[in-house]
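Asker:
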Amino acid sequence: MKTLELDTPVLLIDSDALDRNIARMKDMTAAAGVTYRPHAKTHKSAVIAAKQIDAGAVGVCCAKLGEAEVMAAAGIDNILITTAVIGESKIFRLLHALNSVRIAVVADNEDNINMLGRMAQLAGQQLDVIVEVDIGQGRCGVPAGPEAARLAQIIDALPNLNFAGIQGYQGKIQMVEDADMRKADTETGLDKFAATLAEVEKTGLSVPVKTGGGTGTSPFDMERGLLTELQTGSYVFMDSRYGGIGWPGANAPPFEQSLHILTGVVSKPAPDRVIVDAGLKSASSDHGPPVIADVDGRTYEFGGDEHGIIRMTDGGEVPWNVGDKLRLVPSHCDTTVNLYDQYMVVQGDEVIDVWQIDTRGRVQ
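Residue numbering for the sequence shown follows the working numbering, beginning at 1 and increasing consecutively.
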């Protein structure tokens, strides 16, 4: 089938661009001597997770337990759940998934750690726990410093828990456009990470895993050499926000836009605008509207749940007519992916495969 024969709106993956992005991250981390654990919350696909692991990733990150359960059922091994698993029912689910693959979890609370320990003991299982540290995100995590060491000792003292390392992540700096500013913010956070690491090591505990970072901070994380693994996610797809950030020695990141929304023109009510069938239910709006791929001089605006409006920036006639199709670049790949059930995988102008978005909606 030809790509332009697809019903719209539909989510496209450029297979060749995806493979080049995965290979590029493999090469970059190998050159820096650091491992990487891509974040599956971006693509939500067991197929892509397997591709990343085949290319050298140590495993994957999952943002939620529900994502990890699906990945485990698909045979994806060595999973880190990057948010705390709270409450008996979820811990029971976690331990059930642990029967089939290796899974680690983060924690920043003594009560949660003790419950993890009790339930792991009752189940007769060993669970790796990583202490999350707030290095600037202002979200989860203990304050940088001695509190992490105290929790690490609690984990180490529980017979069915293994203290596995430290996590520190700053999502809000990943898309700071100026590379020098983003590097400075990264260094500030890594300084906090290093101070916390020193406090833990004072107790005599080793810290095998030092995990964090993301696509935007990856060059600076690699340069610093403090983290043992990077939690890069969006590099596989990219989006308009990530595509607009500076990179050391370059105006843009070294990754390609491999994800697009294919949309169709459903109305041309006036020469200066066309209406397409991709609206708020087809493209996430948390980082703004999508942009039109590969053309300048046109703007997209949301026209409601099911519609988008495209105009010429100079007020002239829009060149598309009813039935024409065009590609949009999402402003945020992660949240746009979560709106769809499947990817149409394309190579050139041919559809070559269909991949399910396995963990769509797995928010528990």
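Note that CB positions come from ideal geometry on N, CA and C, so glycine has one too.
#1: By DSSP, does N114 sit in helix, in strand, or in coil?
#2: Ignoring anything shorter than 4 residues or poking outside the segment 131 to 191, list the alpha helix (DSSP H) runs there in chain order.
#3: Counting along the chain, where does the beta strand (DSSP E) carrying M344 start and finish?
#4: In whole angstroms, what is the alpha-carbon distance linking L127 and T83?
#5: Identify, in the order they occur along the chain, each residue of the same chain with its Cβ nearer than 6 angstroms to the Cβ of L366, setting aside the five sequence neighbours on each side.
#6: By how many angstroms is the C-alpha of A270 removed from the C-alpha of I48?
#7: Can you tell me which of L161, Y169, Q121 and K172 puts its alpha carbon nearest to the alpha carbon of A104?
#8: Quick one: what's got a C-beta closer than 6 angstroms to P146's C-beta in the same chain, skipping five residues either side?
#9: List the endpoints of the continuous beta strand (DSSP E) containing P219.
#10: Within a Cβ cutoff of 8 angstroms, which residues of the same chain sit near I113, ignoring the five residues on either side of it in sequence?
#11: Are the beta-carbon atoms belonging to L259 and T313 less than 9 angstroms from one another?
#12: Once you ignore the five residues that flank G243 on each side, which residues in its own chain have a CB closer than 8 angstroms to its CB?
#13: Take R362 and list the residues in its own chain whose beta-carbon comes closer than 7 angstroms to its own, dropping the five residues that flank it on each side.
#14: Determine the closest residue to D191 out of P219, L227 and G204, with distance taken between C-alpha atoms.
#15: Where do the N-terminal and C-terminal ends of the alpha helix (DSSP H) with M1 fall, by residue?
#16: When burial is assigned at 16 or more other CB atoms within 10 Å of the CB, is E88 buried or exposed?
#17: Can you tell me whether L116 is buried or exposed? The criterion is at least 16 other CB atoms within 10 Å of its CB, across all chains shown.
#18: Taking Cβ positions, are P290 and S234 nearer each other than 9 angstroms?
#19: Return the CA-CA distance between A46 and G315, expressed in angstroms with no decimal places.
#20: Identify the residues that DSSP records as bridge partners of A278: which are they?
#21: Below 8 angstroms on the Cβ atoms is my guess for Q231 versus H39; work out the distance and round it to an integer in Å.
#22: Is it the case that the Cβ atoms of L262 and L12 are separated by a distance below 9 angstroms?
#23: Using the DSSP secondary-structure output, state which residues sit across from T359 in a beta bridge.
#24: Taking only three categories from DSSP, how would you classify I48?
#25: Assuming the contact rule is C-beta atoms closer than 8 angstroms, V276 and H307 should be a hit. Round their C-beta distance to whole Å, please.
#26: Are F220 and T196 close, meaning C-beta to C-beta below 9 angstroms?
#27: Quick one: what's got a C-beta closer than 8 angstroms to V142's C-beta in the same chain, skipping five residues either side?
Answerer: On the basis of the data shown:
#1: DSSP, reduced to helix, strand and coil, places N114 within a helical segment of the structure shown.
#2: Restricting attention to alpha helix (DSSP H) runs no shorter than 4 residues, the segment 131 to 191 encloses them at 146 to 157, ordered along the chain.
#3: Q342 to Q347
#4: Annotation: L127 to T83 spans about 15 angstroms, alpha carbon to alpha carbon.
#5: This structure cannot settle anything about residue 366, because the visible part of the chain is limited to 1 through 364.
#6: 42 angstroms
#7: L161
#8: E199
#9: Run containing P219: none in the beta strand (DSSP E); it sits in the alpha helix (DSSP H), S218 to R224.
#10: A107, V129, L151, I154, I155, L158 and L161
#11: no
#12: A252, P253, Q257 and V329
#13: The answer, listed in chain order, is K64, G66, E67 and V70.
#14: L227
#15: No residue range can be given for M1, since it is assigned to no alpha helix (DSSP H) and is classified by DSSP as neither H nor E.
#16: Label assigned to E88: exposed.
#17: buried
#18: no
#19: 45 angstroms
#20: DSSP lists no partner for A278.
#21: 5 angstroms
#22: yes
#23: For T359, which the question treats as bridged, DSSP gives no partner whatsoever.
#24: helix
#25: 7 angstroms
#26: No. Outside cutoff.
#27: D108, V131, E132, V133, D134, A148 and L151
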